[in-house]
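Below you'll find the structure, written out as structure tokens, and then a few comments.
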Amino acid sequence: MIEFTQVSLQRGTNFLLEKADLRVHDGQKLALIGPNGAGKSSLFALLNGELTVDGGDLSMPTKWRISHMMQEVEASERSALDYAIDGDKPYRVIETGMANAKDDNELTHWMDQMDQHQGYQVPVRAEQLLQGLGFSQDDMKRPVSAFSGGWRIRLNLAQALMMPSDLLLLDEPTNHLDLEATLWLEGWLKKYPGTLLFISHDRDFIDGVADHIVQLHQQKLTQYPGNYSAYERIRAEKLAQQQTMYEKQQTRVKEIESFVTRFRAKASKAKQAQSRLKELQRMEMIAPAHVDSPFRFTFPCYEKMSAPLLALDQADLGYPDRVILPNVKTTIVPGHRIGLLGPNGAGKSTLLKTLCEEIPLLSGERNTGEHCHIGYFAQHQLESLDVKASGTLILQRMNPKASDQEIRNFLGGFGFHGDKALEVIEPFSGGEKARMALACVAWEKPNLLILDEPTNHLDIEMREALAMALQTFEGAILIVSHDRHLLKSTVDEYWLVDQGKVQAFDGDLDDYHDYLNKRELLGLVGDEPPTDKPAVDRKEQKRLEAERRQRLAPIRKKQQAAEKVMESLQSKLSTIEEAMADSGLYDATRKDELNELIRKQGELKSSLEDAEMEWMELTEQLEDEE
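In our numbering, the protein residues as written are 1 to 626.
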């Protein structure tokens, strides 16, 4: 059992913990939650022996084996598999002992140790762990230095899971995982027999793993039974009670203040007034309940729309040396809210990069609507920030016409208040940089948001604010995320990228989990699949494409004309509806004017329906011909 008794922990002049109490029983799985900077990682350092308490007492079993997930890893020429196996330190000790045995007796001793440790299964376990975290067989042979930062974090996670432990400490284990690996990790941790403490801002992941919640708030540790959903219910009830108490107290405060104001000057009542003042001073003020997120922002949408916004037609996606997704045909229209699913390496990022023109098409067509404005948040968006500049300066560069106050108000919604908006970004935390990167995307006023893992480094409050902003966004959305709560609350449909295809997925995230399980049973690999067309006769292909474009040109021309008619009618309809919003129009003296507007509105709506029907028929013709 772990027990905090009146524990205080100080960093500099700030208290992260002050007289905090907590009891953790063996075998519990606890999620540690709290805002960024509250001290969660420092608490882990305390448990891991890297820090000592500044007051109170921390007790835990002395013989406990503790495994923790490192946040950084140096480049190494060791293979990924060997690096993961290094996490099992007893195995490495036994292995070294066997290699250096001086005689048969010593060798027998170490071989017995290996049997007791079940060491002959260690390489197999390591392979299984790495496979679950998204590494292919070829990846396992590659040196650590060949992997990017996010994949090295996965290797650190594998190393932590390999360590035989009684206490497992994981700090944001899903931050650099895709959905498939997140689901696998969730299943692995459910079976973990020891005591688990993990920091996470992924509420669905917490729901799936935790049996208790520990909230770090105002230097105190408060434990709640159940998962995150249970915590929210309990917390809401507690805050409602707190709010009621606060309102009652405020009523009493006003009564006292009124009494003192009225009778302070009267000698007969002066003593009573002083008594009431003392009551007011003794009263322990109850804070009002603030359950809302501290972040308030939206994604402004570009005022015009095209239908469709973006489309790929018989497109080959990939790189010059290989096709990853052949013959892709997709269309994104206003109102689309799409979650992109698919195992690691199947081509999701390739699809997103192609849509955003970060990589060119190998063949086929990319059709962009006249009014398509893309806001793209890449997985490594933080790396593209100018860290030597302030947030205010970055937004000014993007829109020199914007006023200083407009920029500061906008950044305030993302939590950059006051002078924070003027500070250089370089020393910001990962969460602050992620918020700034999102602010930059929102500032562009897109009508198509393409988001690749936008919740990395964001705390729960900011994730909730992001979900709210996406819910109210008027444009189209395409999201890749391991955060299931974000997907559930913001998307209406799913596309599946797998085995060289991009297609609609008929189901929800639970169905996708079942799909992954069946896929594993079938032995399908997650790597980018081979295609039937590694070599392309470019000359012949260009000829065929030219013929097809010529054949489809008249239909496409009619479709574009229909789009312009739709835009014109929609513009006229908006003007009519703006006029009808005038409350003075409904005065009896303006009855004829109102009736005329109603008549025009009806005509425009009817014409718009006809234009939309024509556009849909033409679109179907194109699809049939193609």
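Think of the CB as a built atom: it goes at the ideal place given N, C-alpha and C, for glycine as much as any other residue.
Beta-bridge pairing of residue i - partner residues as DSSP gives them
i	result
residue 29	196
residue 211	Partner(s): none; residue 211 has no beta bridge.
residue 217	220
residue 365	313
residue 68	169
residue 503	496
residue 377	451
residue 79	143
residue 342	According to DSSP, residue 342 bridges with nothing at all.
residue 244	Paired residues: none, contrary to the question.
residue 337	477
residue 328	315
residue 225	212
residue 2	24
Integer-rounded CB distance, given that residue j should sit under 8 Å from residue i
i	j	result
residue 351	residue 310	Not confirmed; about 12 Å, so no contact.
residue 22	residue 8	No, residue 22 and residue 8 are not in contact; Cβ-Cβ is about 13 Å, not under 8 Å.
residue 628	residue 392	Residue 628 lies beyond the stretch modelled for the chain, which goes from 1 to 626, so this question has no answer here.
residue 470	residue 460	That pair is no contact at about 16 Å.
residue 435	residue 414	5 Å
residue 189	residue 209	5 Å
residue 67	residue 165	4 Å
residue 133	residue 154	5 Å
residue 198	residue 170	4 Å
Same chain, Cβ closer than 8 Å to residue i, neighbours up to 5 away in sequence not counted
i	result
residue 566	307, 608, 611, 612, 615
residue 28	195, 196, 211, 212
residue 81	123, 126, 127, 130, 140, 141
residue 513	183
Residue i versus residue j: straight-line alpha-carbon distance, rounded
i	j	result
residue 221	residue 20	6 Å
residue 315	residue 520	29 Å
residue 511	residue 359	32 Å
residue 326	residue 439	35 Å
residue 574	residue 597	12 Å
residue 367	residue 449	17 Å
residue 424	residue 142	38 Å
residue 433	residue 382	6 Å
residue 558	residue 568	15 Å
residue 12	residue 102	52 Å
residue 184	residue 109	37 Å
residue 619	residue 553	12 Å
residue 228	residue 346	32 Å
residue 15	residue 107	53 Å
residue 495	residue 485	17 Å
residue 84	residue 390	40 Å
residue 428	residue 394	15 Å
residue 2	residue 168	13 Å
residue 621	residue 298	38 Å
residue 593	residue 570	21 Å
residue 457	residue 34	13 Å
residue 193	residue 73	27 Å
residue 399	residue 355	24 Å
residue 577	residue 223	54 Å
Same chain, Cβ closer than 6 Å to residue i, neighbours up to 5 away in sequence not counted
i	result
residue 572	604
residue 532	Low confidence applies to residue 532: its pLDDT is 35, below 50, so where it sits in the model is not reliable, and the reading given next is rough at best. Cβ within range, chain order: n/a, list empty.
residue 348	340, 342, 480, 497
residue 51	45
residue 161	129
residue 378	452
residue 387	425, 426
residue 6	19, 56
residue 337	477, 491, 492
residue 43	none
residue 179	482
Proximity test, residue i beta-carbon vs the ligand NAD heavy atom, cut-off 8 Å
i	result
residue 95	Ligands displayed in this structure: none; no statement on the ligand NAD is therefore possible.
Own chain, CB closer than 7 Å to residue i, minus 5 neighbours either side, in chain order
i	result
residue 205	174, 182, 186
residue 330	311, 312, 502
residue 285	Residue placement at residue 285 cannot be trusted, given a pLDDT of 49 that sits under 50; what the coordinates show is reported in the next sentence. Cβ within range, chain order: n/a, list empty.
residue 117	90, 91, 94
residue 364	312, 313, 314, 315, 316
residue 324	317, 318, 347, 350, 528
residue 77	143, 145
residue 203	228, 460, 485
Exercise. Which full runs of the alpha helix (DSSP H) of 4+ residues lie inside the segment 137-186, going along the chain?
Worked result: Scanning the segment 137-186 from its first residue to its last, the whole alpha helix (DSSP H) runs of 4-plus residues come out as 137-141, 149-162.
Exercise. Along the chain, which unbroken stretches of the beta strand (DSSP E) at least 3 residues long are found entirely within the segment 4-59?
Worked result: The segment 4-59 contains these whole beta strand (DSSP E) runs: 14-24, 29-33, 55-59.
For this session: Please specify which runs of the alpha helix (DSSP H), each continuous and at least 4 residues long, are wholly inside the segment 410-476, giving them in chain order.
Result: Here the runs fully enclosed are 430-443, 460-472.
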